[in-house]
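In UniProt numbering, the protein residues as written are 1 to 136. Just so it is clear, CB atoms sit at the ideal spot from N, CA and C, and this is done for glycine as well. Worksheet: one structure, shown below.
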Amino acid sequence: MDLTIHSTFLPHTDPKASLAFYRDTLGFEVRNEVEYNGLHWITVGPHGQPATSIVLHPPAATPGLTDDERRTIGEMMAKGTFAMIILASRDLDATFARLEASGAEVIQEPTEQPYGVRDCAFRDPAGNHVRINEVR
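Below, the structure is given as structure tokens:
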């Protein structure tokens, strides 16, 4: 079997803030923007990796959710416990410095983890947990 990761979805609460974070702060390219009935989907991805994307989506547009489920998702997003993505960088310290200087919310400074990974963590504008592993 030959599988690759094509895209993953992260919820957003503010398309402009999410676009600024993923495009301007992380440096991802914008691949698609769709607006429908006042809701926005934004597809971004790393330069040089056209087959891998992140779709920033409005969680309210998920079909079949009850109002209680939407409220729970909103509460979990606000706490940073709903969604997570792990990225990688060859220069973790420079990446951390750039994100910190941008005003991104720091969860954890670069740390050598007991399980053998050196990483750091931030929250994106929607509260999503963004971890960055150092490529060794």
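Residue i - partner residues in DSSP beta bridges
i           : result
residue 118 : 112
residue 32  : 43
residue 142 : Outside the displayed range of the chain (1 to 136) lies residue 142, so it cannot be described from this structure.
residue 85  : 130
residue 123 : 105 and 129
Test item: CB-CB of residue i and residue j under 8 angstroms
i           : j           : result
residue 21  : residue 125 : yes
residue 122 : residue 107 : yes
residue 52  : residue 86  : no
residue 118 : residue 92  : yes
residue 15  : residue 40  : yes
residue 18  : residue 42  : yes
residue 60  : residue 71  : no
residue 9   : residue 55  : yes
residue 102 : residue 135 : no
Endpoints, the alpha helix (DSSP H) within which residue i is located
i          : result
residue 72 : 67–79
residue 97 : 92–102
residue 17 : 15–19
Sufficient close CB pairs (3 or more, under 8 angstroms) joining the stretch 31–42 to the stretch 75–91: no
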